[in-house]
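Note that this note's numbering numbers the sequence shown so that position 56 is 58, with each residue one more than the last.
Yeah, the Cβ is synthetic: ideal placement off N, Cα and C, and Gly gets one too.
Just so you know, these numbers come straight off a predicted model, no measurement behind them.
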Amino acid sequence: MRRRIHDTVPPMRLLTLVSILLLLLGCKSNPVTDLPDPLYAKVRTFEDVVRWGALEKMYLFLKYDPEAPPVQIPPGLDNVRVTGYEEAGRMTEISPGRWAQTVVIDYVLTDRQVVRQVVDQQVWVSDDEGKSWYRENPVPEFR
3 MRRRIHDTVP
13 PMRLLTLVSI
23 LLLLLGCKSN
33 PVTDLPDPLY
43 AKVRTFEDVV
53 RWGALEKMYL
63 FLKYDPEAPP
73 VQIPPGLDNV
83 RVTGYEEAGR
93 MTEISPGRWA
103 QTVVIDYVLT
113 DRQVVRQVVD
123 QQVWVSDDEG
133 KSWYRENPVP
143 EFR
């Protein structure tokens with residue numbers, strides 16, 4: 003007995019529909035979508051600051067403590083040219099109001115044309131239910 007092409011079409015449509023539904027359900031369970039919008043914006047802004055070479059502005063992402071001595075920006079940041087910024091893992095929630103992410107930053111020391119890499123373990127914290135975020139740990143050192 004010969005099968006006609008149109009006899010196999012309904013199972014193919016069903017297979018396609020099931021595949022699309024599984025893909026959509028997989029996207030819904032993505033933990034990155036749980037990332038608070040203000041944190042996402044802060045982390046992307048930090049990334050832009052590093053990528054575009056305004057490295058002295060990294061220190062603006064640290065929590066301001068009026069009782070602590072002012073943060074000293076190290077000399078020589080103008081000698082660093084960032085050539086790559088790549089997330090090594092997803093942003094993960096450590097505890098409520100506290101998230102972590104690992105980033106690999108490639109850079110060149112322009113005076114010596116030396117290529118280097120630093121792994122940046124970022125910890126982001128909010129003290130006001132996620133309205134504002136700051137970086138809890140020190141910014142990476144470029145040596």
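The Cβ neighbour count for residue 54, taken over all protein chains shown within 10 Å, is under 16; the residue is labelled exposed. In the structure shown, the three-state DSSP call for residue 47 is helix. A distance below 6 Å between beta-carbons, with the five flanking residues on each side excluded, links residue 123 to the following residues of its chain, in chain order: 104. Rounded to the nearest whole angstrom, the C-alpha separation of residue 87 and residue 48 is 11 Å. Sixteen is the threshold: when 16 or more other Cβ atoms of the shown chains lie within 10 Å of the Cβ of residue 109, as they do, the residue is buried. Note on geometry: alpha-carbon atoms of residue 65 and residue 50 lie some 19 Å from one another. Residue 91 places its beta carbon 9 Å or farther from that of residue 128. With respect to the 9 Å criterion, residue 73 and residue 57 are not classified as neighbours on the basis of their beta carbons. In the DSSP secondary-structure assignment, residue 108 is bridged to 86 and 119.
Taking the CA atoms as reference points, residue 67 sits about 16 Å from residue 130.
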